[in-house]
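Chains as they are written, first to last, in full-length UniProt numbering: chain A, 1 to 430; chain B, 1 to 366. Note that the Cβ used here is the ideal one computed from N, Cα and C, for glycine as well. To keep things clear, I will list the structure first and then write my remarks on it.
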Amino acid sequence: MATSFSATLPLHGSQENRLLLPPIRLAPPPSSFLGSTRSLTIPSSRRLYHAHAARRSPVVGVQEVVKEKKVTNSLVLCILITKEEGLVLYEDMILGRSFEDMCAQMYYRGKMFGFVHLYNGQEAVSTGFIKLLTQSDSVVSTYRDHVHALSKGVSARAVMSELFGKVTGCCRGQGGSMHMFSKEHNMLGGFAFIGEGIPVATGAAFTSKYKREVLKQDCEDVTVAFFGDGTCNNGQFYECLNMAALYKLPIIFVVENNLWAIGMSHLRSTSDPEIWKKGPAFGMPGVHVDGMDVLKVREVAKEAVTRARRGEGPTLVECETYRFRGHSLADPDELRDAAEKAKYAARDPITALKKYLVENKLANEGELKTIEKKIDELVEEAVEFADASPQPGRSQLLENVFADPKGFGIGPDGRYRCEDPKFTEGTAQV
Amino acid sequence: MWGILGRRAVDGGFSASSLRRMRSGLVSARSYAAGSKEMTVRDALNSAIDEEMSADPKVFVMGEEVGQYQGAYKISKGLLEKYGPERVYDTPITEAGFTGIGVGAAYAGLKPVVEFMTFNFSMQAIDHIINSAAKSNYMSAGQINVPIVFRGPNGAAAGVGAQHSQCYAAWYASVPGLKVLAPYSAEDARGLLKAAIRDPDPVVFLENELLYGESFPISEEALDSSFCLPIGKAKIEREGKDVTITTFSKMVGFALKAAEKLAEEGISAEVINLRSIRPLDRATINASVRKTSRLVTVEEGFPQHGVCAEICASVVEESFSYLDAPVERIAGADVPMPYAANLERLALPQVEDIVRAAKRACFRSK
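Here's what the structure looks like:
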């Protein structure tokens, strides 16, 4: 089935891909973002938005920046992260990977059931974005949400218990693999329908803006919406790009383009496979970045988050990434070419970061091994905790259908809310 | 006993004189409060939203044409001028998108009032109403509640054709996690909408386009800005002892007219205005059926799997030994709504249909 759109053709980073592009000149979006390489001191002769130009990522790789800096300014070696940051990133990615591997083991042992979608290979995207957020920023994800929840701060114990369906899970066993919610960490789900999380994320961003402008509160919270390449053909995606740009909402749309929607190749299902181009069509910057390199993702994320906090509006970031496992644990994963898998396996984000840290003398092998061991123990402990936790009690079946403890508009004191003078008083002036 | 308690709770919003008149039993629909003002349902809804927006800055309105156009049916008239474009949003024609945005805003703590131009358009957004709004409190084990109201006209209007005339009460009322309300009079509209906006759960508020312009008397209590009606309580619009007629929304008016016609023939009909489709007030319905022993349920929507089917099942389950006649179910015709005026009349329940059914229920035991 080799055609010019075969999946092994790399989408990005190659000059030959001009064949896939229509010869249209894109006008650069009004903001100076993402061209704004001033922080990376790239020569300005590079055209970043014109489609017929070389299709390189507007954000240049770490190695290249380092090399350029060495050439232009031999006095200062520009490293993109400090040692502490590097170790935090490394630990987060190792946690994501170990956790997902453990999920696979537990699934095959029958401890986990239903639909389980693993995130192996895409850790750079989650870590790159979420580690820049504060606790009050929101993250909205899809069914592939374990690692987003972990990066956002939900404990491994809580996520593992939730997957086992135990009462100590983050949703008391009522949500499951695809519905990780945490109010404390502002992880707003976990949605099974693709595209469903995008409007919800847009609404959370809307709330930030509303709090600032109407309620006059100090609110700089941003929302990051994660979704895949298949979602980018869904109507809700475009509806939200439009409204986010229209209302200038503090949201970042992150496309985790892993080229496959179960067995449907992105190139087979999309008329124009370059998703980042859809941003400028709606009046927001569209960025493409190598999603297998956590430092590149982090640089792009920094600019996008700063833009959103400053009130300049949304950004669409397309991360080219890959999932090392099938769509879910029930997917035999027969349609993907072995060569493609091998190519991306060679670009494993964890190995790449490890190499960077060691080569730039930010950490030595020993420190990294300690982190790996610590995470292994953490994940093991999470499994033990989940195993030992009880299943939900029978009475939990009927709980939490409504926020109203008994429905019927009956308040916690057992009386009708409408008869309680406190409920009905207000400062209504008509 | 529960029925009487229920009635008292319901009548809590009425003046003492009207209470006495209710107890005497034979009250026509429009004279329950002496010397009262009249208010259209449109004004009632408008004043309810206005007062709730004024009381709580987290409440905002979102929908197509709600701002500059003053509302497709003028329900949100004047709100844009009063509260500004930051609280009254004219959205693009993107039901799925803006409904989802409303749900997301509710997740994050605001209280949106999302208007659908008609509930037929809500089908484009139904994924968000059901999957992200109704189920969220359960899926997150109580962490994330969704204090959102979805409102708009529901059911048949006049000559608007098949795609604009469907009644969605049965669809939404079958979903756990949603509250579904259907007001009839101006007082219902005010009280239930205020309760819905204050409620911490997602509420589907089914209005009726043909009722918007109708005027109803309204009591002083109902005009007060803290007036609220309980969710999940039906109202006995007219007391009777021979047959129970349960219905909601526009059909309440038809049922009341039918009750007057039946009264001329010596049949005393009790008319129950359901007000709340989910949670359904089974207690009031069953108490009434135990009193009268006969049931006629009326609704405008499609017959199969409708609200009437649920009420019949509930009565058969709980009050079977009290029934003297088979339960009667009157619903719209089992066809998409035709356009021609005479066919449309045939496709919807009319007063004569209700009268005929009630007579059937009453004479069968003889």
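Task: chain A residues whose Cβ lies nearer than 7 Å to that of residue 140 (chain B) - done: 171, 175, 181
Open item on the list: What does DSSP give as the partner residue(s) for residue 89 (chain B) in the beta ladder?
Closed with: B:62
TODO: Identify every run of the beta strand (DSSP E) within the stretch 229-297 of chain A, keeping only runs that are complete inside it and at least 3 residues long; order them along the chain.
DONE: 251-257, 286-290
Open item on the list: Can you give me the C-alpha to C-alpha distance between residue 327 (chain A) and residue 261 (chain A), rounded to a whole angstrom?
Closed with: 7 Å
- [ ] Taking only beta-carbon positions, decide if residue 400 (chain A) is within less than 7 Å of chain B.
- [x] yes
Open item on the list: For a test of the three-state rule: what should DSSP assign to residue 187 (chain A), helix, strand or coil?
Closed with: strand
Task: Selected residue, minimal CA-CA separation from residue 37 (chain B), among B:187, B:352, B:348 - done: B:187
Task: Reduced DSSP category for residue 24 (chain A) - H, G, I as helix; E, B as strand; rest coil - done: Here the model assigns residue 24 (chain A) a pLDDT of 42, short of 50, so the residue's position is not dependable, and the following value carries that caveat. Residue 24 (chain A): coil per DSSP, three-state reduction.
Open item on the list: Looking at residue 310 (chain B): is its Cβ nearer than 7 Å to the Cβ of residue 155 (chain B)?
Closed with: no
Open item on the list: Which residues in chain B have a C-beta closer than 9 Å to the C-beta of residue 165 (chain A)? List them in chain order.
Closed with: Going along chain B, no residue has its Cβ under 9 Å from residue 165 (chain A), so there is no contact; the nearest lies around 12 Å.
Task: Under 8 Å from the C-beta of residue 196 (chain A): neighbouring residues of chain B - done: 100, 127, 128, 131, 132
- [ ] For residue 243 (chain A), go through chain D and note every residue whose CB falls closer than 9 Å to its CB, in chain order.
- [x] Absence of chain D from the displayed structure is noted, the protein chains being A and B.
Open item on the list: Using the Cβ count rule (16 or more neighbours within 10 Å means buried), how would you classify residue 29 (chain A)?
Closed with: For residue 29 (chain A), the predicted structure reports a pLDDT of 40, less than 50, and the residue's modelled location is therefore unreliable. A value from the coordinates is still provided. With 16 or more other Cβ atoms within 10 Å, it is buried.
TODO: Return the residue from the list A:255, A:149, A:284 that minimises the CA-CA distance to residue 274 (chain A).
DONE: A:255
Task: residue 232 (chain B) beta carbon less than 7 Å from that of residue 276 (chain B) - done: yes
Open item on the list: Here's the rule I'm using: 16 or more other beta-carbon atoms within 10 Å means buried, otherwise exposed. How should residue 159 (chain B) be labelled?
Closed with: exposed
TODO: Flag this pair as yes or no: are the beta carbons of residue 141 (chain B) and residue 217 (chain A) separated by less than 7 Å?
DONE: no
Open item on the list: Which residues of the stretch 68-86 of chain B have a Cβ closer than 7 Å to any Cβ of chain A? Give them in chain order.
Closed with: 86
Task: Through-space distance from residue 150 (chain A) to residue 96 (chain A), alpha-carbon basis - done: 7 Å
- [ ] Starting from residue 153 (chain B), follow the beta strand (DSSP E) in both directions and report where the run begins and ends.
- [x] 149-153
Task: Interface partners of residue 200 (chain A) on chain B, CB under 7 Å - done: 100, 103, 104, 107, 132
Task: CB contact flag (residue 124 (chain B), residue 95 (chain B), <7 Å) - done: yes
- [ ] Just the chain B side, please: which residues come within less than 9 Å of residue 387 (chain A) by C-beta, in chain order?
- [x] Under the 9 Å cutoff, chain B gives no residues; its nearest Cβ is about 20 Å from residue 387 (chain A).
- [ ] Using three-state DSSP, classify residue 176 (chain B) as helix, strand or coil.
- [x] coil
TODO: Measure the alpha-carbon distance for residue 439 (chain A) versus residue 106 (chain A) and round it to whole angstroms.
DONE: Because chain A here runs from 1 to 430, residue 439 (chain A) falls outside it and cannot be looked at.
- [ ] Return no unless some Cβ of chain B is closer than 7 Å to the Cβ of residue 214 (chain A).
- [x] yes
Open item on the list: Assess contact between the stretch 132-148 of chain A and the stretch 217-237 of chain A, defined as three or more Cβ pairs (one per stretch) separated by less than 8 Å. Is contact present?
Closed with: yes
- [ ] Report yes or no: is there a C-beta of chain A within less than 7 Å of the C-beta of residue 144 (chain B)?
- [x] yes
- [ ] Tell me whether the beta-carbon of residue 147 (chain A) lies closer than 7 Å to the beta-carbon of residue 187 (chain A).
- [x] no
Open item on the list: For residue 356 (chain A) and residue 317 (chain A), I'd like the C-alpha separation in whole angstroms.
Closed with: 24 Å
- [ ] Classify residue 358 (chain B) as buried or exposed, calling it buried when 16 or more other Cβ atoms lie within 10 Å of its own Cβ.
- [x] buried
Task: Residues, ordered as in the chain, of the stretch 35-47 of chain B that lie near chain A by beta-carbon distance below 9 Å - done: 47
TODO: Look at the Cβ atom of residue 204 (chain A), then the Cβ atom of residue 138 (chain A), and state whether they are nearer than 7 Å.
DONE: yes
Open item on the list: For residue 166 (chain B), count the other beta carbons within 10 Å of its own beta carbon; 16 or more makes it buried, fewer makes it exposed. Which is it?
Closed with: buried
Task: Close Cβ partners of residue 261 (chain B) (< 8 Å) along its chain, the five nearest in sequence each way excluded - done: 351, 355
Task: Contact set for residue 211 (chain A): own chain, Cβ-Cβ below 7 Å, skip 5 residues either direction - done: 217, 219
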